[in-house]
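Number of protein chains: 2
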Amino acid sequence: MRISELSKRTGVPVATIKFYLRERLLPPGTPTARNQAVYGEAHLRRLRLIRAFTGIGQLDLTGVRQLLAAIEDDSLPLTELYELVDRALFPLERVPERVEGTQRVRAEVDRFVDDLGWIVDPAAPGRDRLTIVLATLRRLGCDCGIDFFAPYAEAAERLAVHELDLLPSNGSPPGRPERAAAVVRAILLNVAFAATRQMAQEHHAALRFGECPAPAGSG
Amino acid sequence: MRISELSKRTGVPVATIKFYLRERLLPPGTPTARNQAVYGEAHLRRLRLIRAFTGIGQLDLTGVRQLLAAIEDDSLPLTELYELVDRALFPLERVPERVEGTQRVRAEVDRFVDDLGWIVDPAAPGRDRLTIVLATLRRLGCDCGIDFFAPYAEAAERLAVHELDLLPSNGSPPGRPERAAAVVRAILLNVAFAATRQMAQEHHAALRFGECPAPAGSG
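Listed in order, the protein sequences are those of chains P and A. All the letters of the first sequence, read from the start, carry residue numbers 1 to 219 under my numbering. All the letters of the second sequence, read from the start, carry residue numbers 220 to 438 under my numbering.
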């Protein structure tokens with residue numbers, strides 16, 4: 001198909017597609033004439049993937065580039081692919097504060113992960129992030145122990161298994177299409193969880209505090 | 220305390236504190252002399268809150284300003300406060316694509332929420348986001364029904380109740396300190412959940428595919 005059809009089928013403006021081509025996020029099409037090329041289903045799939053990353057995934061182009069490269073690097077195990085997704089979604093360099101007593105909290109987090117029986121990279125980004133969250137909550141006056149996170153871990157485990165069940169179960173490591181699907185699902189389903197969480201918060205806050213939205217014009 | 224001590228106790232540079240003062244994110248201190256002021260515990264708490272929002276919460280100053288204003292607007296029910304947190308974390312204007320067939324998917328989402336028995340604002344941001352996620356997943360080839368989200372809703376509900384249990388349970392709507400705490404927890408615990416999810420994915424992917432990280436120098 002021509003670039004105009006690629007644009008029509010994905011809703012991505014032609015100028016943006018040309019930008020992705022220049023940036024090599026999209027491979028070049030097959031040349032047909034001077035300054036003309038045609039594109040195939042692979043381009044369509046790739047373009048949809050990029051738009052899912054930059055749209056609802058809110059990733060910047062650096063993150064998109066890293067994830068596309070990681071999907072295509074077959075030597076990279078799925079476990080590390082998940083770590084990369086996580087680093088792209090929650091770049092730790094954007095967390096400038098050094099929270100006091102972080103080392104002690106980190107030891108609590110490591111023990112928590114061990115007690116769950118999870119085999120996790122000692123450098124996994126989740127450890128750092130859970131540490132910063134707990135340290136920050138305490139600085140803000142929350143009297144919460146590490147066990148406060150037990151229900152989060154339980155829910156996370158159930159959902160991780162639910163998502164892995166979508167991958168082929170013949171035991172061999174997933175191929176590129178499945179790796180791409182696993183990455184995009186890791187991103188989108190994080191958003192889906194947050195969406196259900198927002199609605200659950202709203203429902204239960206209303207139940208608990210009997211709140212109704214203030215009528216228009218009041219307040 | 221002087222601005223220098225405020226800086227020391229929070230790890231926020233003096234120049235940044237002055238910026239927050241100019242931007243009125245922090246109220247002015249009590250003047251003691253020409254160009255001198257002292258700050259109290261309220262400033263310390265507020266500064267920590269701002270840093271949690273901009274640091275691990277990854278919010279921009281617009282989001283910070285909106286949330287601070289919403290916390291102080293006592294006429295705004297907690298349910299709407301949660302909606303605002305969600306909009307700040309997942310600004311929908313950053314999702315440019317119009318996914319085909321979205322209206323039909325939205326009807327599925329609305330029915331799903333009804334079937335859960337949740338009372339949720341028809342304009343709640345979670346509805347839109349869940350719609351876009353499901354429509355995008357299908358565009359990318361995922362053969363998933365709306366029921367795929369049932370375990371997400373179940374987990375979200377359990378965690379929402381877990382978090383609401385931290386608020387005072389005398390039935391009266393929470394005051395400002397509790398509203399601030401609810402907002403910061405909604406933000407931080409979203410990150411905490413994602414952190415546990417990353418580790419659970421890593422653990423279960425390794426279990427399922429027997430993957431080990433590639434030895435250094437290979438590949």
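We put the beta carbon where it would ideally sit given N, CA and C, even for glycine.
Worksheet item: When you compare only the Cα positions, how much space is there between Glu242(A) and Pro13(P)?
Response: Locating residue 242(A) in the second sequence gives position 23, where the first residue counts as 1. Locating residue 13(P) in the first sequence gives position 13, where the first residue counts as 1. C-alpha separation (whole angstroms): 37 Å.
Item to complete: Compile a chain-ordered list of the residues in the segment 164-194 of chain P whose CB is closer than 9 Å to at least one CB of chain A.
Response: Answer in chain order: Leu164, Leu166, Leu167, Ser169, Gly171, Ser172, Pro173, Pro174, Pro177, Ala180, Ala181, Ala182, Val184, Arg185, Ala186, Leu188, Leu189, Asn190, Val191, Ala192, Phe193 and Ala194.
Worksheet item: Which residue or residues does DSSP assign as beta-bridge partners of Pro31(P)?
Response: On the first sequence, residue 31(P) is found 31 positions in, with the first residue counted as 1. Answer is Ala37(P), bridged to Pro31(P).
Discussion item. Could you tell me which whole alpha helix (DSSP H) segments of length 4 or greater appear in the segment 147-216 of chain P?
Written reply: 150-164 and 176-209, all fully within the segment 147-216 of chain P.
Worksheet entry | Terminal residues of the alpha helix (DSSP H) in which Arg330(A) lies | For the purposes of this step, residue 330(A) is taken as residue 111 along the second sequence, with counting starting at 1. For Arg330(A), the enclosing alpha helix (DSSP H) starts and ends at Thr321 to Leu335.
Worksheet item: Nearest chain D C-beta to Pro151(P) closer than 9 Å, yes or no?
Response: Looking for chain D here will not work: the only protein chains present are P and A.
Worksheet item: Roughly how many whole angstroms lie between the Cα atoms of Pro96(P) and Leu278(A)?
Response: As a first step, residue 96(P) is located in the first sequence; it is residue number 96 there, counting from the start. As a first step, residue 278(A) is located in the second sequence; it is residue number 59 there, counting from the start. Residue placement at Pro96(P) is flagged as unreliable, the pLDDT there being 47, under the threshold of 50; the coordinate-derived value follows with that caveat. About 13 Å.
Practice prompt. Using a cut-off of 7 Å between C-beta atoms, extract the partners of Ile365(A) located in chain P.
Written response: Within the second sequence, the letter at position 146 stands for residue 365(A). Contact annotation for Ile365(A) against chain P: no contact, minimum CB-CB distance about 11 Å [criterion: below 7 Å].
Worksheet entry | Residue of Ser75(P), Phe53(P) and Thr79(P) minimising C-alpha distance to Leu67(P) | As a first step, residue 67(P) must be located in the first sequence, where it is residue number 67. For Leu67(P), the closest of Ser75(P), Phe53(P) and Thr79(P) by C-alpha to C-alpha distance is Phe53(P).
Discussion item. At the level of alpha carbons, what is the spacing between Ala107(P) and Leu378(A)?
Written reply: By one-based count along the first sequence, residue 107(P) stands at place 107. By one-based count along the second sequence, residue 378(A) stands at place 159. If you take the alpha carbons of Ala107(P) and Leu378(A), they lie about 24 Å apart.
Practice prompt. Using a Cβ cut-off of 8 Å, pull out every chain A residue sitting near Leu140(P), in sequence order please.
Written response: Within the first sequence, the letter at position 140 stands for residue 140(P). Those within 8 Å of Leu140(P) in chain A are Arg264, Arg267, Leu268, Ala271, Ala400 and Val403.
Worksheet item: Beta carbon of Leu207(P), beta carbon of Ile365(A): below 9 Å?
Response: As a first step, residue 207(P) must be located in the first sequence, where it is residue number 207. As a first step, residue 365(A) must be located in the second sequence, where it is residue number 146. Not in contact: Leu207(P) and Ile365(A) (Cβ atoms no closer than 9 Å).
Fill in: Contact set between Gly345(A) and chain P, taken where Cβ atoms lie within less than 7 Å
For the purposes of this step, residue 345(A) is identified with residue 126 of the second sequence, where counting begins at 1. Within chain P, the residues Ala195, Thr196, Gln198 and Met199 have their CB atoms less than 7 Å from the CB of Gly345(A), given in chain order.
Discussion item. Please state whether the Cβ-Cβ distance between Thr196(P) and Gly394(A) is less than 9 Å.
Written reply: As a first step, residue 196(P) must be located in the first sequence, where it is residue number 196. As a first step, residue 394(A) must be located in the second sequence, where it is residue number 175. Not in contact: Thr196(P) and Gly394(A) (Cβ atoms no closer than 9 Å).
Discussion item. Less than 9 Å between CB atoms is the rule here; does Glu108(P) satisfy it with respect to chain A?
Written reply: Stepping through the first sequence from its first residue, residue 108(P) is reached at position 108. It does not; no Cβ of chain A falls within 9 Å.
Worksheet entry | Interface partners of Ala160(P) on chain A, CB under 7 Å | Here residue 160(P) corresponds to residue number 160 of the first sequence, with the count starting at 1. Correct list: Arg416, Ala419, Gln420 and His423.
Worksheet item: Does the distance from the CB of Gln201(P) to the CB of Glu382(A) come in under 9 Å?
Response: Here residue 201(P) refers to the residue found at position 201 of the first sequence. Here residue 382(A) refers to the residue found at position 163 of the second sequence. Yes.
Fill in: Residues that Asp334(A) contacts on chain P, provided the C-beta gap is smaller than 9 Å
In the second sequence, residue 334(A) corresponds to position 115, counting from 1. None at all; the shortest Cβ gap to chain P is about 13 Å.
Worksheet item: Within 10 angstroms of its Cβ, does Asp384(A) collect 16 or more other Cβ (buried), or is it exposed?
Response: To locate residue 384(A), count along the second sequence from 1; it is residue 165. Exposed, by the Cβ-count rule.
Worksheet entry | Among Tyr152(P), Pro91(P), Gly141(P) and Ser169(P), the one whose alpha carbon lies nearest that of Phe428(A) | Numbered from 1 along the second sequence, position 209 holds the residue referred to as residue 428(A). With distances taken between Cα atoms, Phe428(A) lies closest to Ser169(P).
Practice prompt. Could you please give the first and the last residue of the uninterrupted alpha helix (DSSP H) stretch that includes Ala342(A)?
Written response: As a working mapping, residue 342(A) is identified with position 123 in the second sequence. Counting along the chain, Ala342(A) falls outside any alpha helix (DSSP H), and DSSP gives it neither H nor E.
Fill in: Distance between beta carbons of Glu83(P) and Asp121(P), contact taken as under 8 Å
To locate residue 121(P), count along the first sequence from 1; it is residue 121. To locate residue 83(P), count along the first sequence from 1; it is residue 83. About 7 Å separates the Cβ atoms of Asp121(P) and Glu83(P), confirming a contact at the 8 Å cut-off.
Worksheet item: Distance, Cα to Cα, Glu80(P) vs Leu240(A)?
Response: Position 80 of the first sequence, counting from 1, holds the residue named residue 80(P). Position 21 of the second sequence, counting from 1, holds the residue named residue 240(A). Rounded to whole angstroms, Glu80(P) to Leu240(A) spans 42 Å at the Cα level.
Item to complete: Just the C-alpha distance for Asp110(P) and Val283(A), rounded to the nearest angstrom, thanks.
Response: Stepping through the first sequence from its first residue, residue 110(P) is reached at position 110. Stepping through the second sequence from its first residue, residue 283(A) is reached at position 64. The C-alpha of Val283(A) is placed about 31 Å away from the C-alpha of Asp110(P).
Discussion item. Rounded to whole angstroms, what is the Cα-Cα separation between Arg51(P) and Asn190(P)?
Written reply: Indexing the first sequence from 1 puts residue 51(P) at position 51. Indexing the first sequence from 1 puts residue 190(P) at position 190. Their backbone Cα atoms lie some 16 Å apart in a straight line.
Worksheet entry | Host alpha helix (DSSP H) of Ser223(A) (start-end) | Residue mapping note: residue 223(A) aligns to position 4 of the second sequence, counting from 1. Where Ser223(A) is concerned, the enclosing alpha helix (DSSP H) starts and stops at Ile222 to Thr229.
Worksheet item: Rounded to the nearest angstrom, how far is the Cβ of Ala282(P) from that of Phe368(A), given a contact under 8 Å?
Response: Because chain P is modelled from 1 through 219, residue 282(P) falls outside the range shown and cannot be assessed.
Worksheet entry | Proximal residues to Val380(A) (C-beta, below 7 Å), its chain only, five neighbours per side dropped | For the purposes of this step, residue 380(A) is taken as residue 161 along the second sequence, with counting starting at 1. Same-chain partners within the cutoff: there are none.
Fill in: Cβ of Ile56(P) within 9 Å of any chain A Cβ
Taking the first sequence and counting its residues from 1, the one referred to as residue 56(P) is at position 56. Interface flag for Ile56(P) against chain A is set, since a Cβ pair is found closer than 9 Å.
Practice prompt. Using 10 angstroms around the beta-carbon of Thr350(A), count the other beta-carbons present and answer buried if the total reaches 16, otherwise exposed.
Written response: In the second sequence, counting from the first residue as 1, residue 350(A) sits at position 131. Thr350(A) is classed as buried because its beta carbon has at least 16 other beta carbons within 10 Å across all chains shown.
Discussion item. Measuring alpha carbon to alpha carbon, tell me which residue in Glu397(A), Ile222(A) and Gln417(A) is nearest Ala124(P).
Written reply: Sequence index remark: in the first sequence, residue 124(P) carries index 124 (1-based). The residue with the shortest Cα to Cα distance from Ala124(P) is Gln417(A).
Item to complete: Would you mind reading off the limits of the alpha helix (DSSP H) that contains Arg243(A)?
Response: By 1-based counting over the second sequence, the position of residue 243(A) is 24. Judged by DSSP secondary structure, Arg243(A) falls outside any alpha helix (DSSP H); it is assigned neither H nor E.
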